[in-house]
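According to the working numbering, the sequence shown holds residues 6 to 132 in order.
Glycine included, C-beta positions come from ideal geometry on N, C-alpha and C.
Remarks on the structure that follows.
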Amino acid sequence: LAEVFWSEMKQQREQRSSSASSSSSSSSGRPKNKKKTTTRNFLRILWTLSKPTYLPAAMWQFVVVLCQCSLPLLVREILLKLENHPGQPFRREGLPLAFLIFAVSLLEGMGGERQKFLSFRTGITLR
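See the structure below:
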């Protein structure tokens, strides 16, 4: 991380010195917003380092949220099927939905753990 940051800073200094020699409008030869440029470059480097694990963690979190939203809807659907068809056995109307609830909760659990793992990995990389 430090090597990438300092090599980028060296390139910027070289670019500034070449642009400062061509234009003599400022007396010190330094740009006024040096701190802003340094911060922007540092954030760009951090984003480059964290992007490979942060974006997949965000996608897994999106899957978890979708699962969390769909579970109550699936339970509601089972209850509506049971109320509308009280004489029919549960296997015919509700069992496929029960298996779907199981699959969605399994996906939610695995997705949550994967998201935590990738988030921790992003934190370790940035640290």
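| query | result |
| --- | --- |
| Span of the alpha helix (DSSP H), counted from its first residue to its last, around ARG126 | 100 to 131 |
| GLN4 burial status per 10 Å Cβ neighbour count (16 or more: buried) | It is not possible to answer for residue 4, since the shown part of the chain is limited to 6 through 132. |
| Own chain, CB closer than 8 Å to THR130, minus 5 neighbours either side, in chain order | LEU54, SER55, THR58 |
| Selected residue, minimal CA-CA separation from PHE125, among SER75, GLU113, ALA63 | ALA63 |
| Environment of CYS74 [buried if 16+ CB atoms lie within 10 Å] | exposed |
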